[in-house]
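J.: Sharing a structure with you now.
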Amino acid sequence: MHTICLIPGDGIGLEVVPATRRLLEATGLDLTFLEAEAGWATFQRRGTSVPAETLERVRAADATLAGAFTSPKTKVEGHKGAIRSMRRELDLFANLRPAKTRPLPGSLPGIDMLMVRENTEGLYVEAERRYGDIAIADAMVSRRACERIAHVAMQQARKRRGRVAVVHKANVLPLTSGLFLETALAVAAEYPDVETYDIIVDAAAMKLVRDPESFDVLVSTNLFGDILSDLMAGLVGGLGVAPSANIGVDYAIFEPVHGSAPDIAGRGIANPTATMLTAAMMLQHLGEDDVANRIDRAVDQVLMDGPRTADLGGDATTESFTDAVIAAYHRL
Ligand code: NAI
Ligand code: MG
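Residue numbers (the numbering used here): 1 to 332.
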């Protein structure tokens with residue numbers, strides 16, 4: 001039996017999470033669901049984007065599946081981004097973002113890579129100040145955070161093809177990015193079986209586009225990992241199919257890479273694939289490898305045969321796509 005906390009959040013999170021719950025229920029696994037709220041709508045109603053009882057439910061559950069959370073582009077007094085707050089509060093220091101070739105027209109062949117993104121520090125400590133026409137943001141980098149994210153990258157590489165690219169900008173930021181690079185390479189020395197190399201972030205962006213098959217695991221600081229993982233998603237079919245996991249020592253929150261997609265929210269046309277693949281990562285984390293693999297294959301089957309959602313050029317709704325995945329799951 002597993003207890004799963006569901007946090008739909010904002011926008012299309014309210015569509016893709018219930019769709020994925022339907023798929024999870026169809027697997028026949030013994031699952032108990034706890035519902036919790038967080039995000040922008042929660043902030044507007046309650047003055048906090050992550051209420052205390054939501055954190056309690058995440059802590060009580062074996063794993064959490066989240067949808068998406070809206071963040072305004074302008075500063076709103078007292079508001080902290082929901083997912084960033086939860087990552088920091090629960091110390092979910094590792095963000096795993098796989099990008100794998102999918103049977104889709106827009107997906108390049110031969111890609112199977114994983115971004116291991118540091119999830120608690122860097123420029124995402126939300127320490128910005130404004131002095132008239134000048135604004136300053138602090139980036140924080142600690143040896144401890146670099147060490148533990150580097151260990152995760154090495155351990156992931158051991159389960160994969162044994163290669164790690166350390167992505168940095170130490171040439172321009174020798175103190176912050178330099179500490180990350182130095183620490184990651186020191187950790188790499190403990191894993192002689194893993195081939196580790198470093199690459200400057202701009203060169204990595206170019207190489208990801210021109211030679212994506214050459215990458216296995218990438219490890220980077222928060223902002224670079226965020227940006228490059230969207231680029232990686234773009235190589236294999238886009239945000240509609242990109243899953244991710246936020247993992248700490250005690251807790252884990254699984255969420256699609258995409259945001260709340262206000263441009264399509266409420267129309268029932270969001271692609272739930274990313275959330276379904278995210279749920280597969282969650283089940284793998286819970287030791288349910290067989291069901292996780294079966295979900296992955298069922299999704300691929302429907303991506304290949306159709307129906308597809310609008311972001312992938314089709315006319316399926318969230319519901320009809322979900323029905324097709326559940327049917328494919330039962331056929332496997
Ligand atoms: P977004 O990921 O929400 O949307 C980007 C584009 O991709 C939009 O055109 C959207 O319609 C499309 N898209 C995304 N997911 C889709 C899906 N499952 N099916 C079909 N189309 C999909 O990013 P955007 O527009 O930059 O941000 C919107 C809001 O989401 C903002 O408030 C932002 O702060 C938030 N956001 C939250 C994230 C999170 O909760 N982890 C991550 C990224 C953005
Ligand atoms: Mg992002």
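Using N, Cα and C, we set each Cβ at its ideal position, and we do this for glycine too. Remember, it's a predicted structure, so these values are computed and weren't measured experimentally.
Around the C-beta of P98, are 16 or more other C-beta atoms found within 10 angstroms, so that it is buried, or is it exposed?
T.: Numbered from its first residue, the sequence shown carries residue 98 at position 98. Its Cβ being crowded by 16 or more others within 10 Å, P98 is buried.
J.: Can you give me the C-alpha to C-alpha distance between F224 and I199, rounded to a whole angstrom?
T.: Along the sequence shown, read from residue 1 onward, the residue named residue 224 stands at position 224. Along the sequence shown, read from residue 1 onward, the residue named residue 199 stands at position 199. If I take the Cα positions, the gap works out to 12 Å.
J.: Any chance the stretch 88-96 sits against the stretch 119-132, with 3 or more Cβ pairs inside 8 Å?
T.: Short answer: they touch.
J.: Rounded to the nearest angstrom, how far is the Cβ of P256 from that of A242, given a contact under 8 Å?
T.: For this step, residue 256 is matched to residue 256 along the sequence shown. For this step, residue 242 is matched to residue 242 along the sequence shown. Right, their Cβ atoms sit about 7 Å apart.
J.: Quick check for students: name the residue ranges of the beta strand (DSSP E) that lie wholly in the stretch 110-181, counting only runs of 3 or more.
T.: Qualifying beta strand (DSSP E) stretches, in chain order: 112-118, 128-131, 134-137, 163-168.
J.: With DSSP as the reference, identify every bridge partner of E35, one or two as the case may be.
T.: The residue given as residue 35 occupies position 35 in the sequence shown. Paired residue(s): L6.
J.: Residues bridged to S214 by DSSP?
T.: Counting from 1 along the sequence shown, the entry for residue 214 is found at position 214. DSSP output for S214 lists no bridge partner at all.
J.: What span of residues does the alpha helix (DSSP H) with G13 cover, start to end?
T.: Walking along the sequence shown from the start, residue 13 turns up at place 13. Looking at the DSSP string, the run of the alpha helix (DSSP H) that includes G13 is 13-26.
J.: Please classify T335: does DSSP put it in a helix, a strand, or coil?
T.: No information on residue 335 is available, as it lies outside the stretch 1 to 332 that the chain covers here.
J.: Got a list of residues with beta-carbon closer than 5 Å to any non-hydrogen atom of the ligand NAI, in chain order?
T.: The set, ordered by position in the chain, is A68, F69, T70, S71, I83, L239, G240, H258, G259, S260, A261, D263, I264, A270, N271, D311.
J.: Please go through the same chain and pick out, in chain order, the residues whose beta-carbon is closer than 6 Å to the beta-carbon of I7, but skip the five residues on each side of it.
T.: As a working note, residue 7 is residue 7 in the sequence shown. Here the set comprises A36, A38, A66.
J.: Would you kindly work out how many angstroms separate the C-alpha atoms of E128 and A137, rounded to a whole number?
T.: On the sequence shown, residue 128 is found 128 positions in, with the first residue counted as 1. On the sequence shown, residue 137 is found 137 positions in, with the first residue counted as 1. The straight-line gap from Cα to Cα measures roughly 4 Å.
J.: When DSSP labels each residue in this structure, what does A205 get in the three-state scheme?
T.: Indexing the sequence shown from 1 puts residue 205 at position 205. A205 falls in the helix class under three-state DSSP.
J.: Write down every uninterrupted run of the alpha helix (DSSP H) in the stretch 231-286 whose length is 4 residues or greater and which is fully enclosed by it, in chain order.
T.: For the stretch 231-286, whole alpha helix (DSSP H) runs of length 4 or above, ordered along the chain, are 273-285.
J.: Could you check which residue in N271, R297, T32, M276 has the C-alpha nearest to that of I12?
T.: Translated into positions along the sequence shown, residue 12 becomes position 12. Comparing Cα positions, the closest option is N271.
J.: Could you tell me the boundaries of the alpha helix (DSSP H) in which D290 lies?
T.: Locating residue 290 in the sequence shown gives position 290, where the first residue counts as 1. From DSSP, the alpha helix (DSSP H) with D290 extends over 289-305.
J.: Assuming E89 is part of the alpha helix (DSSP H), what are its boundary residues?
T.: On the sequence shown, position 89 is the one that residue 89 refers to. Its alpha helix (DSSP H) spans residues 82-89.
J.: Please report how far the alpha carbon of E56 lies from the alpha carbon of I134, in whole angstroms.
T.: What you label residue 56 is simply residue 56 of the sequence shown in a count that begins at 1. What you label residue 134 is simply residue 134 of the sequence shown in a count that begins at 1. Straight-line Cα distance between these residues: approximately 40 Å.
J.: When we look at the beta-carbon of V249 and count the other beta-carbons within 10 Å, is it buried (16 or more) or exposed?
T.: The residue labelled residue 249 in the question sits at position 249 within the sequence shown. Under this definition V249 is an exposed residue.
J.: Within its chain, find whatever has a CB closer than 7 Å to the CB of I269; leave out the 5 residues flanking it on each side and keep chain order.
T.: Within the sequence shown, residue 269 is the residue found at index 269, counting from 1. These residues qualify, in order along the chain: T309, A310, T317, T318.
J.: Which partner residues of S220 appear in the DSSP bridge assignment?
T.: The residue you call residue 220 lines up with position 220 of the sequence shown. In DSSP, S220 forms a bridge with R117, V167.
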